[in-house]
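Following: one structure in structure tokens, then a few remarks.
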Amino acid sequence: MPATPGVKVAVISGGSSGIGLACAHCLLTRGYQVVLLARDMDRLQDARAGLGPDFAASVELIPTDVDDPASCQAAIETVTHRHGRIDWLITSAGIVEPGMFLDLDLAAHRAQMQTNYFGTLHLVQAAAPVMRQTGGRITLVSSGAAFLGIAGYSAYAPGKFAVRALAEILRLELEPEGIVVSVAFPPDTETPQLERERRNRPPVTRLVSEKAGVMTAKQVAEGIISRAETGAFVLTLSGPIAFLARFHSLYGPLFAWQQRRLLKRLGLQRASSG
Numbered sequence: 001m002p003a004t005p006g007v008k009v010a011v012i013s014g015g016s017s018g019i020g021l022a023c024a025h026c027l028l029t030r031g032y033q034v035v036l037l038a039r040d041m042d043r044l045q046d047a048r049a050g051l052g053p054d055f056a057a058s059v060e061l062i063p064t065d066v067d068d069p070a071s072c073q074a075a076i077e078t079v080t081h082r083h084g085r086i087d088w089l090i091t092s093a094g095i096v097e098p099g100m101f102l103d104l105d106l107a108a109h110r111a112q113m114q115t116n117y118f119g120t121l122h123l124v125q126a127a128a129p130v131m132r133q134t135g136g137r138i139t140l141v142s143s144g145a146a147f148l149g150i151a152g153y154s155a156y157a158p159g160k161f162a163v164r165a166l167a168e169i170l171r172l173e174l175e176p177e178g179i180v181v182s183v184a185f186p187p188d189t190e191t192p193q194l195e196r197e198r199r200n201r202p203p204v205t206r207l208v209s210e211k212a213g214v215m216t217a218k219q220v221a222e223g224i225i226s227r228a229e230t231g232a233f234v235l236t237l238s239g240p241i242a243f244l245a246r247f248h249s250l251y252g253p254l255f256a257w258q259q260r261r262l263l264k265r266l267g268l269q270r271a272s273s274g
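For the record, in the sequence shown the residue sitting at position 213 is 213 according to UniProt numbering, with numbers rising by one throughout.
Structure representation (structure tokens):
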């Protein structure tokens, strides 16, 4: 697909479903050429079809494994060769496998850190040298779980905490290069991944997560894109997450106390039913 003069190019990982695909739709309506990255080509093709015939010519698909730095480098080189530029990078690829720490094996911890943090890092490391030539935006997708420790997310939250830290440093270092960095903290979002996650959440995680509410992928994507366009760094999309972004250090001790009470209550329930 040859470059179209004057058309901005957006690259989105996790682009075959969920928040990534919804972000693609938002940027397509803004006139971007969109490159979707995901592992499975069949799912990418289904995603492009789902965006509708009006956008088919503006959507490019590149099968990419964000866990593999060579795959990410190859994808970015392909985009650069075809379009000569990247104006917006959105790192939306992520996985979650909840579970209590004593029930999870090391493989679950490694897999989630690999995709959620290193999958983000691999793409940014490949794309940033290209983007410094023309400037642009990098938006990292973290999670509301990146502000406080939540029981049941010992394998998931550390990677999202790390994404948050990476974003804070990239913001400082890439600003002189004309690259505007932002980081999004979506709440639970109605996606195929959330459906799978809900089935595996420990009871305490389920009780805590229900309080934060749920948004659609479209709502989250519109919030991410519109707020990032203003130059905002922290992109919070719901009242509870905005509260955490501002007051997590103060709220942390109370939140931990609340979770201890829940864990104690759930422990007593297990003991009485045994």
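Using N, Cα and C, we set each Cβ at its ideal position, and we do this for glycine too.
Predicted model only: the values in this text are computed from it and were never measured.
Straight-line CA distance for residue i to residue j?
{"i": "alanine 184", "j": "valine 9", "result": "20 Å"}
{"i": "glutamate 229", "j": "arginine 265", "result": "45 Å"}
{"i": "methionine 131", "j": "threonine 139", "result": "13 Å"}
{"i": "glutamate 222", "j": "threonine 29", "result": "11 Å"}
{"i": "alanine 56", "j": "arginine 227", "result": "26 Å"}
{"i": "leucine 21", "j": "leucine 37", "result": "10 Å"}
{"i": "glutamate 97", "j": "glutamine 114", "result": "13 Å"}
{"i": "serine 272", "j": "histidine 248", "result": "Its pLDDT being 42, under 50, serine 272 is placed unreliably in this model, and the coordinates cannot settle the point."}
{"i": "valine 204", "j": "histidine 83", "result": "48 Å"}
{"i": "threonine 64", "j": "glycine 267", "result": "43 Å"}
{"i": "alanine 232", "j": "arginine 171", "result": "11 Å"}
Would you call the CB atoms of residue i and residue j closer than 8 Å?
{"i": "lysine 160", "j": "asparagine 116", "result": "yes"}
{"i": "cysteine 23", "j": "isoleucine 224", "result": "yes"}
{"i": "valine 66", "j": "valine 35", "result": "no"}
{"i": "alanine 167", "j": "valine 181", "result": "yes"}
{"i": "leucine 207", "j": "leucine 262", "result": "yes"}
{"i": "cysteine 72", "j": "alanine 126", "result": "yes"}
{"i": "valine 141", "j": "proline 202", "result": "no"}
Mark residue i as exposed unless 16 or more other C-beta atoms lie within 10 angstroms of its C-beta, in which case mark it buried.
{"i": "arginine 110", "result": "exposed"}
{"i": "threonine 120", "result": "buried"}
Specify, as a first and last residue, the run of the beta strand (DSSP E) that residue i falls within.
{"i": "valine 180", "result": "179 to 185"}
{"i": "alanine 38", "result": "33 to 38"}
Could you give the first and the last residue of the continuous alpha helix (DSSP H) run that contains residue i?
{"i": "leucine 237", "result": "It is not in any alpha helix (DSSP H) - leucine 237 carries neither H nor E in the DSSP assignment."}
{"i": "threonine 29", "result": "18 to 29"}
Original post:
Taking contact to mean at least 3 C-beta pairs separated by less than 8 Å, is the region 191 to 208 in contact with the region 49 to 62?
Top reply: Under the three-pair Cβ rule at 8 Å, the region 191 to 208 does not count as touching the region 49 to 62.
Subject >> Inter-stretch contact at 8 Å, needing at least 3 Cβ pairs: the region 237 to 244 / the region 208 to 228 >> reply: These segments touch.
Original post:
When the Cβ atoms of the region 252 to 265 are set against those of the region 148 to 156, are three or more pairs found closer than 8 Å?
Top reply: In short, these stretches touch, since the Cβ pair count reaches three.
Subject >> Three CB pairs or more closer than 8 Å across the region 88 to 106 and the region 40 to 48 >> reply: Counting Cβ pairs under 8 Å, fewer than three are found: no touch.
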